[in-house]
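Okay, structure first, notes after.
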């Protein structure tokens, strides 16, 4: 599968392995200067293979011995290279034992086995297992794992691995051991090991068949009070998966471990999930409501992987969205059921439009199922995850809930214990529905964001309303020409009083799904007595850019009357975009700009409407982000965009001061609860405070300081701190930052918040301030969370300062990427994303951004991770 010259892996070259591993017994002896790993495998030759050479993957391993059926091999029987171990003349069926020595304490890549604080832990997805032992490190080799761990009991009383604990005991010299067996065959990327001195929070869950499952969360002792919410979220996830998908948990125990040093959010290792601490630890004093909801979603996501990823895994890494896209869809539906379906949809689409659409239009654009890669870690992308989830959502829309459930049941039952493909998933949906989904599969193979232009005609005499649709998709790397997609467009027609017309072409339904399958298509709707206003792409039924030439009046009408909550928000966003684009144009021409009275009036009505969902009001009050405006622009003028948003926010704060303060005062209370309603109250009052910060008068200052001092939860305290920073009042911001730091400096997760609220604020943190934060004693360059909270937040959110025309911030980011590449290339390549979007800007900024990419490209010993990103970005 590898192109040796370019080191590129291609989907078209996939071949099944020559050998399989029927079972593996791993033995770890953990010491303070390293670890000895004994790997005993039952290896069986594939019946269709003629080769007798076994090629195993391995990186940075010290080989100590190789034996077959108990006999040591001479060195002429095997070859060790930087990337693996090859053994010649392999028997067709044998016991292969390999002993290696590794140094987890020196592993700064955080892949394989490494030390985080005082504990040993692993991260093996995608290709980390090869840093533990020589093995067939590929997802289509499914094996029964038994793992024995031995360590100093005083330092590591907790010895954990996948499956069920089958044996434990004491050893000489103060050491002890534990043996774990996972009865379900799995690929090695799902292997996990943890050894540490940890607090264990316990609970139980009774499955739908009556089995009692032990639930355990392991954390550092200082975090022992932060486990309750994750346990509750886990139990709700288990119950939901039984009720919605009929999937029951299959082991006797389910464990989660919180780790401070982790490249990702969390990992679904079978029975032993390892989480980034920020994604599992929570209590009201130290955790914002947004983080609570994120924790709920991530706990659910990793648990749902037990079936969509573990029991049925992916055949190769090109199929990554098979497990990730499907599971993101599942966790989104769970969150929608736990909270608000409309608000969840708004949040997901906002991320998709801002970040995934930008990815689709950038140099790293790729299909949901990529055709090739140099480094698989670069393809853990929003396209694979979020767009992949949208593809699954479209199948759900096209088939309906009942048939989709039948299709998922067939998929799970047919491929249980197997490594499957996206084709297998779609085939199950096709079989239960009888629907030809061959064209639909283009969503997996074609990159880019489709565009749908819609126009309409009303014939008053004939009482017909015709909608014309035209789809296209811009060229993307390696894909100049695109074939038509299947695009489900949910639609309704609103009459003058906001009611919905019966749709003759859809059996009189008032809201229906139109399937756009051709480049151009039209639909005629009869019995329409007056010209309606179309409500299109309801619920964001497809991940496309839809354009209909709405007037301001029509958008105001939809914003006030559409029964589809998502489209009400979308109308508000479209209206705001019209307003902001007009201000951008005026600013660029040196004129004075203002929001229209109609728009300000619409926002006033929303603030004053006490019958609306408070979380939805928060969303409706928020202007489109600068990042979204940049994504939409052909050539983004960052300065004009940021200036326009600042002017708009300032006008809203000034014109709506009375209404915002009244809304803020109405939404007091709900200090401690974690229900959706209570979070919504807190969210709305902090949205009001954030908007008031744009006109920081004495009343705002008083409200902000009072909220900070009296806050009984982290949402309110950080809300007040962020608002003060955004107000531009540096003296007061410095004061609150100092007080916040003194209060929370012992809590690592809260310190990440402290760093990020500063780094994101263009009114507060210029490059000099960011550099000072990196010198702070609580900053750790090697900790991914700390690095993301300062450097990542600055480059992706503090757009005014990052895009200063002197290019100093671009050089700063390149410096950090070059430095990090030798230590943790996976994080280095992800940090490079803002530089790769250089084509979005004017020629001066393009030249500055390209120069930094070229400088990175010239680094000696550039990692595969970073080389792929930089090389693709510099292709003109």
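Numbering (my numbering), first residue to last: 189 to 1064. Beta carbons are placed, not taken as given, at the ideal position from N, Cα and C, and that holds for glycine. Here the structure is a predicted model, which is why all the values come from computation and not from measurement.
Item                                                                                                                                                                            : Value
So what's residue 452 in DSSP terms, helix, strand or just coil?                                                                                                                : coil
Pull up the distance between the alpha-carbon of residue 800 and that of residue 792, whole angstroms please.                                                                   : 13 Å
Return the CA-CA distance between residue 759 and residue 732, expressed in angstroms with no decimal places.                                                                   : 16 Å
Tell me the DSSP secondary structure of residue 993 in three-state form.                                                                                                        : coil
Excluding the 5 residues preceding and the 5 following residue 742 in the sequence, name in chain order all residues of the same chain whose CB lies nearer than 6 Å to its CB. : 721
Just mark residue 412 as buried or exposed, buried being the case when its beta carbon has 16 or more other beta carbons within 10 Å.                                           : exposed
Return the first residue and the last residue of the alpha helix (DSSP H) that residue 599 is part of.                                                                          : 589 to 603
Per DSSP, residue 253 is paired with what?                                                                                                                                      : 287
Which whole runs of the beta strand (DSSP E) in the segment 476 to 553 are 3 residues long or more, in chain order?                                                             : 500 to 502
Leaving out the 5 sequence neighbours to the left and right, which residues in its chain are closer than 8 Å to residue 250 when beta-carbon positions are compared?            : 288, 289, 290
Going by beta-carbon coordinates alone, are residue 688 and residue 681 separated by less than 8 Å?                                                                             : yes
In angstroms, rounded to a whole number, what distance separates the CA positions of residue 447 and residue 292?                                                               : 15 Å
In whole angstroms, what is the alpha-carbon distance linking residue 928 and residue 965?                                                                                      : 16 Å
Considering only their Cβ atoms, is the gap separating residue 832 from residue 768 smaller than 8 Å?                                                                           : yes
Pull up the CB-CB distance for residue 978 and residue 967, whole angstroms please, since I reckon it's below 8 Å.                                                              : 6 Å
Thinking residue 380 and residue 457 are a contact (beta carbons under 8 Å), I'd like their distance in whole angstroms, please.                                                : 3 Å
Can you tell me whether residue 223 is helix, strand or coil according to DSSP?                                                                                                 : strand
Candidates 666, 505, 494: which alpha carbon is nearest residue 610's?                                                                                                          : 505
Just how far apart, CA to CA, sit residue 1062 and residue 664?                                                                                                                 : 14 Å
Using CA atoms only, rank isn't needed, just tell me which of 590, 583, 370 is closest to residue 605.                                                                          : 370
Contact defined as beta carbons within less than 8 Å: I believe residue 701 pairs with residue 718. What is the distance between those atoms, to the nearest angstrom?          : Going by Cβ atoms, the distance from residue 701 to residue 718 rounds to 24 Å, so no, they are not a contact pair.
List the residues that DSSP assigns as beta-bridge partners of residue 389.                                                                                                     : 405
Is there contact here, the segment 319 to 334 with the segment 498 to 516, by at least three beta-carbon pairs under 8 Å?                                                       : yes
For residue 174 and residue 635, which I take to be in contact (beta-carbon distance under 8 Å), what is that distance rounded to the nearest angstrom?                         : Residue 174 lies beyond the stretch modelled for the chain, which goes from 189 to 1064, so this question has no answer here.
Pick out the complete alpha helix (DSSP H) segments inside the segment 796 to 855, 4 residues or longer, and give them in chain order.                                          : 802 to 809, 814 to 820, 826 to 843, 845 to 854
In the DSSP assignment, find the beta strand (DSSP E) that holds residue 1022 and state where it starts and stops.                                                              : That residue, residue 1022, is in no beta strand (DSSP E); its alpha helix (DSSP H) goes 1021 to 1024.
Identify the continuous alpha helix (DSSP H) that holds residue 1031 and give its terminal residues.                                                                            : 1031 to 1045
Mind checking residue 824: buried by the 16 CB within 10 Å criterion, or exposed?                                                                                               : buried
Check each candidate in 303, 200, 372 and name the one with the smallest Cα separation from residue 385.                                                                        : 303
Mind listing, in chain order, the continuous alpha helix (DSSP H) runs of no fewer than 4 residues lying wholly within the segment 899 to 984?                                  : 902 to 914, 918 to 932, 936 to 947, 955 to 962, 972 to 975
Classify residue 359: buried if its beta carbon has 16 or more other beta carbons within 10 angstroms, exposed otherwise.                                                       : exposed
By a C-beta neighbour count over all protein chains shown, 10 Å radius and 16 as the cutoff for buried, is residue 1031 buried or exposed?                                      : exposed
Report the residue from 305, 340, 296 whose alpha carbon sits nearest the alpha carbon of residue 217.                                                                          : 340
Would you mind reading off the limits of the alpha helix (DSSP H) that contains residue 419?                                                                                    : 416 to 433
Note the first and the last residue of the continuous alpha helix (DSSP H) segment covering residue 303.                                                                        : First-last for residue 303: 300 to 304, but that is the beta strand (DSSP E), not the alpha helix (DSSP H).
Does DSSP put residue 586 in a helix, a strand or coil?                                                                                                                         : helix
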